[in-house]
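Peer 1: Residue numbering for the sequence shown follows this note's numbering, starting at 1 and increasing by one per position. Even for Gly, the Cβ is constructed at its ideal location relative to N, Cα and C.
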Amino acid sequence: GAPLLALGPTANWVGKQWPIDRFATLAARLISATGPLAGAQIVVFGGPGEQAMAAPLIKALPEGRVIDLVGKVDLLTAYACLRNATLYIGNDSGLMHLAATAGVPTIGLFGPSRENHYGPWGANTMAVRGTQSFEEIIGAPGYDHLSDQCHMTSLSVERVEAAVSDLLGKVAVATTNLRVRAGQ
């Protein structure tokens, strides 16, 4: 079937949320006719009470290509849906870990949390951060994790797009190697 791009645009605090316009730009590039997930449907995940956070992304994505599951499914159903995804991209959150556990190639987006402690786990996962280290973000004058300031602005669309290319290439090589070993 058609590829399925799963997105997790929410997190437990706004400082860990990659800007919605960047999620939208990235998704549009990935599913474009020349993108690595050409023709993909997009599934947006989020928890109960996160509809308002995810709504701007859902509105910005191409009409007719979006499945909105934000706050609409329980964790077990989310897990089952994620198992069918081609790729998951999301902020550092429980959903990111659920995607990695489901075995979907997973890219976790990091800013004011340590990817070496909280990054997605597994062979087909990758943690990506912007040009600012964790220490630079939390050590900045006036840093306050309780504020509504986004701390993910140094992470560019291009950097995440490059990570997608790297991860999908790695997954393709691993899949080919498995088929060769299995004699297919």
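DSSP three-state call for Arg22: helix, strand or coil?
Peer 2: Looking at Arg22 - three-state DSSP - the assignment turns out to be helix.
Peer 1: What residues are listed by DSSP as bridge partners for Thr34?
Peer 2: Thr34 pairs with nothing; no bridge assigned.
Peer 1: Strictly by DSSP, which residues pair up with Ile137?
Peer 2: Per DSSP, none; premise fails for Ile137.
Peer 1: How many whole angstroms separate the CB atoms of Ser93 and Asn12, which I take to be in contact at a CB cut-off of 8 Å?
Peer 2: That belief holds up - the Cβ atoms of Ser93 and Asn12 are roughly 7 Å apart, short of 8 Å.
Peer 1: What are the partner residues of Pro126, as DSSP defines its beta bridges?
Peer 2: Just to set this straight, residue 126 is Met in the shown sequence, not Pro. DSSP lists Ile107 as partners of Met126.
Peer 1: I'd like to confirm the pairing. Which residues does DSSP put opposite Asp68 in its beta bridges?
Peer 2: Looking at the DSSP assignment, Asp68 forms a beta bridge with Val44.
Peer 1: Using only alpha-carbon positions, find the residue among Asp68, Ala80 and Pro62 that is nearest to Ala52.
Peer 2: With distances taken between Cα atoms, Ala52 lies closest to Asp68.
Peer 1: Find the nearest neighbour of Met152 within the set Thr101, Ile20 and Ala2, judged by alpha-carbon distance.
Peer 2: When each option's Cα is compared against that of Met152, the closest is Ile20.
Peer 1: Could you name the residues that DSSP lists as bridge partners for Ile89?
Peer 2: DSSP, once it has assigned bridges, lists Leu7 and Ile107 as partnering Ile89.
Peer 1: When the Cα atoms are used, what is the spatial distance from Arg159 to Val128?
Peer 2: Those two C-alpha atoms are separated by around 8 Å.
Peer 1: Check each candidate in Gly1, Gly8 and Pro3 and name the one with the smallest Cα separation from Phe110.
Peer 2: Looking at the Cα atoms, Gly8 is the closest of the given residues.
Peer 1: Roughly how many angstroms lie between the CA atoms of Val173 and Leu30, to the nearest whole one?
Peer 2: Roughly 20 Å between the two C-alpha positions.
Peer 1: Under the three-state reduction of DSSP, which class applies to Ala2: helix, strand or coil?
Peer 2: Ala2: coil per DSSP, three-state reduction.
Peer 1: What does the alpha-carbon distance come out to for the pair Pro3 and Ala38?
Peer 2: Those two C-alpha atoms are separated by around 8 Å.
Peer 1: Can you confirm whether the region 129-142 touches the region 80-89 when touching is taken to mean that 3 or more C-beta pairs between the two stretches lie within less than 8 Å?
Peer 2: Short answer: they don't touch.
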